DNA sequence: GCAAAAGTGTTGTCAGTACACCCATGG
DNA sequence: CCATGGGTGTACTGACAACACTTTTGC
């Protein structure tokens, strides 16, 4: 018998807003069957001559209007019964953005697009619950050994934003002094000659993530445990 | 245009022999075109109604005679030009065994099967070089935070075997006393009332990996850094 | 001047590392 | 008795954790 397996990609995009201190996931409401009108991860079929990375970026853009240039492969889901129509194998990707930097809008193939807090998720289509659960676990694990959190913050940010992000992601309080010492000792932040005032309290110095130095250190084999 | 993408699985199986202190990879010589007569990772097409895990175990068994029940998903390779015939996406898996516990034999679809030292690899078919390179990196990384090495040793083994394994895998010498202290403090080894003598020298006490205790500790969230 | 958030140092503890000698056996 | 590999203890060092008061601003 001839093999007839379809291949899709799905994207788990996480967002973080410092104001509300919540992590959210981008979901789309499905326009077509199956699971019509239900929420799902953005994604779709891979085109014949396109790479998986191109496919997931294209689908994400088509369904949500987002343009992300870095998505990391998460896992490939291939249980025979995961799609009720036919055999569909899906390669899942995940990425991180700062929602307020982007405008999302339902486009082709999606009836609606929305950010959902990870604590208030709807029931998802297909096996997307499973995919999302794995993505959340990976995010939590990853942030402790790679400074990926910077993608979730503004280009320039006060130190307290970073601290809040870690508090939220790790789900526990962290010591401000120790955290600051540790992060600064990694030597991947540049302190700017700029301050930001947010209503009351002492204005904070702004910092910037130094990508060049980060990649240089990483190439030298330095590990960033946080 | 209708999507027509084929799906394969490939297995990277690592083996370790304490005697020679070398890590090897299992490769098959291809019976059919393309790359006929060239070495490649064992693998093949996923059947219509079979899970990816079943597929990779079946293909591995068909081509090499091996029966492995735990293979971990490594990565999915989907560049459009990776197979000269047509669009083929491959999900790669990796696993660890002790070669002397198994008998390998070329079976259907393979002309020959052989263990290759990771230091003496032939040029591989398709993008299998890339897959293997990633698998080796993963193996090295993984062994430092999970005691996967036990799969590569005999059921009962002298401590020096474990030490040699880590020396080989990490590619550097390690302090015998410190290593022993650290591993024993993890409390996942049982010391047996048995000794083994290997020619000359003082006979060594045998140890056994305690899986129950390991999984119990792991479920409690304990991390095994080695 | 007070509320609010930012910024900052010291000390104890523990785990990691470096390091060298004695032990048990076979031949 | 000697060659071979197995088994062990101590002292130093550096990273991490615990902990509270001062500074700068807005109102």
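Protein chains in written order, with UniProt numbering: chain Y, 1 to 226; chain B, 1 to 226.
Ideal Cβ placement from N, Cα and C applies to all residues, glycine included.
Keep in mind the model is a prediction, meaning the values are calculated, not measured.
Worksheet item: Run through DSSP, which three-state label would residue 92/B get?
Response: strand
Discussion item. Strictly under 8 Å for the Cβ-Cβ distance: is residue 70/Y near chain B by that measure?
Written reply: no
Worksheet item: Going straight from the alpha carbon of residue 172/B to that of residue 99/B, what length do you get?
Response: 23 Å
Worksheet entry | chain Y residues whose Cβ lies nearer than 8 Å to that of residue 5/B | 5, 6, 7, 46, 48
Discussion item. Taking CB distances under 8 Å as the criterion, tell me whether residue 43/Y reaches chain B.
Written reply: no
Worksheet item: How should residue 63/Y be labelled, buried or exposed, when 16 other C-beta atoms within 10 angstroms of its C-beta is the threshold for buried?
Response: buried
Item to complete: Starting from residue 61/Y, trace the alpha helix (DSSP H) both ways and give me its first and last residue.
Response: 52-64
Worksheet item: Using a C-beta to C-beta distance shorter than 9 Å, which residues of chain B count as neighbours of residue 173/Y?
Response: The premise fails here: residue 173/Y is roughly 18 Å from chain B at the closest Cβ pair, so nothing lies under 9 Å.
Worksheet item: What in chain B is Cβ-close to residue 170/Y, meaning under 7 Å?
Response: Neighbours of residue 170/Y on chain B: none; closest Cβ ~13 Å, over 7 Å.
Worksheet item: Listing by chain order, which chain Y residues have their CB less than 9 Å from the CB of residue 75/B?
Response: 73, 76
Practice prompt. Provide the residue span of the alpha helix (DSSP H) that contains residue 24/Y, from first to last.
Written response: Element bounds for residue 24/Y: not the alpha helix (DSSP H) but the beta strand (DSSP E), 22-30.
Worksheet item: If the cut is a Cβ gap below 8 Å, which residues of chain Y does residue 60/B touch?
Response: By Cβ distance, chain Y contributes nothing, its closest Cβ being about 16 Å from residue 60/B, past 8 Å.
Worksheet entry | Buried or exposed by the 16-neighbour rule on C-beta atoms within 10 Å, applied to residue 200/Y | exposed
Discussion item. So if DSSP puts residue 11/Y in a beta bridge, which residue, or which two residues, is it bridged to?
Written reply: 93/Y
Discussion item. Looking at chain Y, is there any beta carbon in it that lies within less than 8 Å of the beta carbon of residue 80/B?
Written reply: yes
Fill in: Identity of the residue in 90/Y, 186/Y, 22/Y nearest residue 59/Y by Cα
90/Y
Discussion item. When you compare the segment 103-114 of chain B with the segment 164-184 of chain B, are there three or more beta-carbon pairs, one atom per stretch, that lie closer than 8 Å?
Written reply: no
Item to complete: Could you tell me the distance, in whole angstroms, from the CA atom of residue 177/B to the CA atom of residue 141/B?
Response: 23 Å
Item to complete: Please say whether residue 131/Y and residue 92/Y have beta carbons closer to each other than 8 Å?
Response: yes
Worksheet item: DSSP state of residue 175/Y, grouped into three classes?
Response: coil
Discussion item. Counting only Cβ-Cβ distances shorter than 9 Å, please list the residues of the segment 83-94 of chain Y near chain B, keeping chain order.
Written reply: 87, 89, 91
Fill in: Selected residue, minimal CA-CA separation from residue 37/B, among 153/B, 209/B, 96/B, 125/B
125/B
Worksheet entry | Rounded distance between the beta-carbons of residue 104/B and residue 26/B, thought under 8 Å | 7 Å
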